[in-house]
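A.B. asks: Those letters in the sequence shown? Residues -29 to -1, 1 to 103, by mature numbering (1 follows the signal peptide of the UniProt record, and there is no 0).
Sharing a structure with you now.
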Amino acid sequence: MTYNFQNNIEMKKLVGGLLLFGAFAFSSAQTITFEKTTLDYGTVKANSDGNRVFTFTNTGDKPLIISNVQPGCGCTASDWTKEPILPGKKGEIKVHYNTATVAPFKKTIDVFSNDPANGRVVLYIQGTVVAQ
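The structure is reproduced here in structure tokens:
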């Protein structure tokens, strides 16, 4: 059996290159980036407009998919961009808070996506509803 030093060096280069390529391919992904994660309604009158919009951008290099948006309570509703968000493009999560109850509020909205680093992001809405 003869040991070929040159073949050993070539094999190490090949394995090293494959590992480097694998690390690069694994590190590229879709990334959700919100402009704000808290929307402050401030002080609003009872039964006023409770609609607000969170805007986000796919800052990664693969399509981003929002699979679900779950408000933390029944007093909050939501709608979101359903189609895949391409790299560099923006999407929206529309939220509605029922402003019928006079009181301060702070509510959560869970956003689930295919972002491998931030598969679940928690958004917040807050404010105070006062009598008219």
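Quick reminder that beta carbons are idealized off the backbone N, C-alpha and C, glycines included.
Report the residue from K65, T70 and G98 whose alpha carbon sits nearest the alpha carbon of V82.
C.D. replies: K65
A.B. asks: Out of curiosity, what's the CA-to-CA distance linking E6 and L94?
C.D. replies: If I take the Cα positions, the gap works out to 11 Å.
A.B. asks: Is there contact here, the region 38 to 48 with the region 6 to 19, by at least three beta-carbon pairs under 8 Å?
C.D. replies: no
A.B. asks: Using only the alpha-carbon positions, how far apart do A88 and T26 sit?
C.D. replies: 19 Å
A.B. asks: For L57, name the three-state secondary structure that DSSP assigns.
C.D. replies: coil
A.B. asks: Report the three-state DSSP secondary structure of P75 (helix, strand or coil).
C.D. replies: strand
A.B. asks: How would you label F(-4), buried or exposed, when you count the other beta carbons within 10 angstroms and need 16 or more for buried?
C.D. replies: Low confidence applies here, because F(-4) scores a pLDDT of 47, under 50, leaving its location unreliable; read the following figure in that light. By the 10 Å Cβ count, F(-4) comes out exposed.
A.B. asks: T70 by DSSP, collapsed to three states: which one?
C.D. replies: coil
A.B. asks: Let me check understanding here. Comparing Cα to Cα, which of I96, V24, D11 and K16 lies closest to G62?
C.D. replies: Taking only the C-alpha atoms, the option nearest G62 is V24.
A.B. asks: So what does DSSP say about A88, is it helix, strand or coil?
C.D. replies: coil
A.B. asks: In terms of alpha-carbon separation, which member of N18, E54, Y12 and A48 lies closest to I80?
C.D. replies: A48
A.B. asks: Report the three-state DSSP secondary structure of A48 (helix, strand or coil).
C.D. replies: strand
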